[in-house]
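Q: Residue numbers (the UniProt record's numbering): 1 to 299.
We treat Cβ as the ideally placed atom computed from N, Cα and C, and that holds for glycine.
My questions will all concern the structure given below.
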């Protein structure tokens with residue numbers, strides 16, 4: 001059985017106070033307080049700084065919270081594996097995806113999953129490649145889908161499809177209207193709208209800079225692909241984005257691909273797992289994912 005003390009503790013921290021945690025857990029507030037006190041007694045240390053309005057982790061609490069999240073994740077996986085002995089694809093499935101895949105492809109995959117396996121209840125987390133990989137390592141996600149060349153000895157990383165990335169600008173941008181070949185020096189002078197460190201798209205952009213031997217001084221860093229697209233559409237600068245993210249804007253004439261040496265840039269999308277054990281729900285999700293790309297429905 002899942003450790004109720006750890007579950008109550010994590011819920012209190014996540015909800016920010018005892019009353020909201022009690023409501024979430026369908027418990028009384030005094031019962032929640034008793035669980036926390038018992039946990040603190042068992043560790044011989046206070047875990048929370050309390051006030052009338054909020055609770056806050058202290059140093060000992062941070063240690064317990066971090067490991068409790070991992071332990072609860074493992075409990076959930078263990079329960080899923082036991083449930084799979086019935087051979088039914090059902091139950092919760094926590095899926096993480098990097099922004100490009102998560103925003104522009106995963107919704108279609110989830111729709112197919114729900115159609116074929118309605119008893120699977122997916123929970124989606126979108127983050128950059130580094131964030132998703134770390135959540136898989138911490139047992140807080142069952143599976144991650146990431147982009148680029150991420151490596152970690154704790155993870156199983158399997159490429160399942162190739163992605164193409166292009167330099168794009170607004171259709172009214174001078175580079176879009178230029179008839180002659182684009183010069184490398186022209187690119188270096190431009191304002192580049194780029195993603196944050198840890199993003200697969202940022203990794204690809206830096207690789208392109210190295211290949212072209214350019215070091216643009218005018219850059220803006222945004223944490224959202226959608227925000228980058230809208231900024232570039234407004235004519236502010238240029239960027240490197242996946243074909244999956246720009247299909248609609250290209251077809252509508254809002255963005256234009258700039259022909260640049262060494263592009264399109266090719267990279268992989270990969271499935272990331274923490275363990276070789278797979279619940280039935282995870283197994284059918286990965287199979288469905290690979291089938292969709294084998295049919296080339298998103299290329």
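Taking the alpha carbon of residue 105 as the point to measure from, which residue in 271, 244 and 249 has its own alpha carbon closest?
A: Comparing C-alpha distances from residue 105 to each of 271, 244 and 249 shows the shortest one belongs to 244.
Q: What residue range is occupied by the uninterrupted alpha helix (DSSP H) comprising residue 8?
A: 4-15
Q: The beta strand (DSSP E) that contains residue 45, what's its start and end?
A: Run containing residue 45: none; DSSP gives neither H nor E here.
Q: How about the stretch 285-292 and the stretch 261-268: do they share at least three Cβ pairs that are nearer than 8 angstroms?
A: no
Q: For a test of the three-state rule: what should DSSP assign to residue 232, helix, strand or coil?
A: helix
Q: Curious, which full-length alpha helix (DSSP H) runs of at least 4 residues does the stretch 242-293 contain?
A: Segments of the alpha helix (DSSP H) lying fully in the stretch 242-293: 243-251.
Q: Which same chain residues end up closer than 6 angstroms to residue 281 when comparing Cβ atoms and leaving out the 5 residues on each side of it in sequence?
A: 89, 91, 93 and 120
Q: Check residue 109 in the structure and name its three-state DSSP category.
A: The answer is helix: DSSP assigns residue 109 an H, G or I state.
Q: Starting from residue 156, trace the beta strand (DSSP E) in both directions and tell me its first and last residue.
A: 156-170
Q: How many whole angstroms separate the CB atoms of residue 112 and residue 292, which I take to be in contact at a CB cut-off of 8 angstroms?
A: 7 angstroms
Q: So, using beta-carbon positions, are residue 233 and residue 255 closer together than 8 angstroms?
A: yes
Q: So what does DSSP say about residue 125, is it helix, strand or coil?
A: strand
Q: In this structure, does DSSP put residue 93 in helix, strand or coil?
A: strand
Q: Could you tell me the alpha carbon to alpha carbon distance between residue 224 and residue 195, rounded to whole angstroms?
A: 7 angstroms
Q: CA-CA distance, residue 42 and residue 143?
A: Cα to Cα, residue 42 sits roughly 33 angstroms from residue 143.
Q: In chain order, what residues of the same chain lie with their CB nearer than 6 angstroms to the CB of residue 299, ignoring the 5 residues before and after it?
A: For residue 299, the predicted model reports a pLDDT of 46, less than 50, meaning its position is unreliable; a value from the coordinates is still stated below. Contacts found: none.
Q: Mind checking which residues open and close the beta strand (DSSP E) that includes residue 222?
A: 219-222
Q: Just the C-alpha distance for residue 242 and residue 62, rounded to the nearest angstrom, thanks.
A: 38 angstroms
Q: Whole angstroms is fine: what's the gap from residue 289's alpha carbon to residue 200's?
A: 20 angstroms
Q: Ignore the nearest five residues each way along the sequence and tell me which others in residue 82's own chain have a CB closer than 7 angstroms to its CB.
A: none
Q: Taking the alpha helix (DSSP H) that residue 147 belongs to, which residues open and close that run?
A: No alpha helix (DSSP H) holds residue 147; the beta strand (DSSP E) holding it covers 143-147.
Q: Can you list, in chain order, the residues of its chain whose CB lies under 7 angstroms from that of residue 328, leaving out five sequence neighbours each side?
A: A question about residue 328 goes unanswered here, because the residues of the chain that appear run from 1 up to 299.
Q: Buried or exposed for residue 203, please, with buried defined as at least 16 other CB atoms from any protein chain shown within 10 angstroms of its CB.
A: buried
Q: Below 8 angstroms between beta carbons: does that hold for residue 6 and residue 156?
A: no
Q: Which of the three DSSP states, helix, strand or coil, is assigned to residue 138?
A: coil
Q: Under 6 angstroms Cβ to Cβ from residue 130, same chain only, skipping five residues before and after it: list those, please.
A: 198
Q: Out of 123, 174 and 183, which has the shortest C-alpha to C-alpha gap to residue 214?
A: 183
Q: Since residue 136 and residue 187 should fall inside the 8 angstroms C-beta cutoff, what is the C-beta to C-beta distance between them, to a whole number of angstroms?
A: Between residue 187 and residue 136 the Cβ distance is about 36 angstroms, and since that is not below 8 angstroms, they are no contact.
Q: Going by C-alpha to C-alpha distance, which of 240, 227, 134 and 127 sits closest to residue 206?
A: 240
Q: Considering Cα atoms alone, identify which of 145, 33, 71 and 19 is closest to residue 53.
A: 19
Q: Residue 13 and residue 75 - do their beta-carbons sit closer together than 8 angstroms?
A: no
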